[in-house]
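Here the structure is laid out as structure tokens; the discussion comes afterwards.
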Amino acid sequence: MITVLYVDTDPKMWTIISHIFEKYCAVSIFPAGSGEEALGWLSQYHADVIVSDINLPGMSGIQFLHILRAGGIATPFIFFSESAHPYVKNKACREGISGFIPRKGLEKKPVLDLLRMVCWATGSHDGEYPSLEDLKRGV
6 MITVLYVDTD PKMWTIISHI FEKYCAVSIF PAGSGEEALG WLSQYHADVI
56 VSDINLPGMS GIQFLHILRA GGIATPFIFF SESAHPYVKN KACREGISGF
106 IPRKGLEKKP VLDLLRMVCW ATGSHDGEYP SLEDLKRGV
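Be aware that the sequence shown starts at 6, since it is given in our numbering, and climbs by one per residue.
This is the structure we're talking about:
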């Protein structure tokens, strides 16, 4: 079972991510609406992977990531965001992200790409990067 901490302000995305992820793999998703809320959750629980938007209320996703890394937390961290400016991506890479998946609205393909990245980052599928066809078949 993969434990995903999903940090985003959009409840629709929480629902979409949960529905698609649970359809294709054994996963528990815990949503948080801000970096502060996510830090509170992490003070009590462990995530196998963290997925976050960059644009969050209060601290940004980059600031949230920086706090984690400065505190020695090396949990795989993936940005899933509409903010894909090269400066932001470069800054995120310097902080040690595992991946960056750009999204556009509620499209399904970026969500499947995110699922593939989560499987890869957590070592699911024997360390292989599952194809979209594998995910569609439930492999």
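We put the CB at the ideal spot given by N, CA and C, even for glycine. Quantities reported herein were computed from a predicted structural model and do not represent experimental measurements.
Work out the CA separation of residue j and residue i for me, nearest whole Å.
{"i": "Gly76", "j": "Leu44", "result": "11 Å"}
{"i": "Ala31", "j": "Met6", "result": "5 Å"}
{"i": "Ala97", "j": "Asp15", "result": "21 Å"}
{"i": "Ile72", "j": "Phe82", "result": "12 Å"}
{"i": "Ala126", "j": "Ser103", "result": "7 Å"}
{"i": "Ile120", "j": "Ser39", "result": "With the sequence shown as reference, residue 120 is identified as Leu, and Ile is not the correct amino acid for it. Cα to Cα, the separation comes out at about 21 Å."}
{"i": "Glu100", "j": "Pro107", "result": "18 Å"}
{"i": "Ile34", "j": "Thr8", "result": "6 Å"}
{"i": "Glu87", "j": "Asp58", "result": "8 Å"}
{"i": "Asp13", "j": "Glu27", "result": "18 Å"}
{"i": "Val56", "j": "Trp46", "result": "14 Å"}
{"i": "Gly66", "j": "Gly128", "result": "24 Å"}
{"i": "Asn60", "j": "Cys124", "result": "24 Å"}
{"i": "Gln68", "j": "Pro62", "result": "11 Å"}
Per DSSP, what are the beta-bridge partners of residue i in this structure?
{"i": "Ile106", "result": "Phe85"}
{"i": "Val32", "result": "Ile7"}
{"i": "Ala37", "result": "Val12"}
Does DSSP classify residue i as helix, strand or coil?
{"i": "Tyr50", "result": "coil"}
{"i": "Thr127", "result": "coil"}
{"i": "Ile23", "result": "According to the sequence provided, residue 23 is Ser. The question's Ile does not apply to it. Looking at Ser23 - three-state DSSP - the assignment turns out to be helix."}
{"i": "Ile72", "result": "helix"}
{"i": "Ile59", "result": "coil"}
{"i": "Ala97", "result": "helix"}
{"i": "Ala79", "result": "coil"}
{"i": "Met122", "result": "helix"}
{"i": "Glu42", "result": "helix"}
{"i": "Met18", "result": "helix"}
The segment 39-53 in contact with the segment 15-27 per 3-pair CB rule at 8 Å: no
Touch test, the segment 87-97 against the segment 111-123, Cβ-Cβ under 8 Å, three pairs minimum: no
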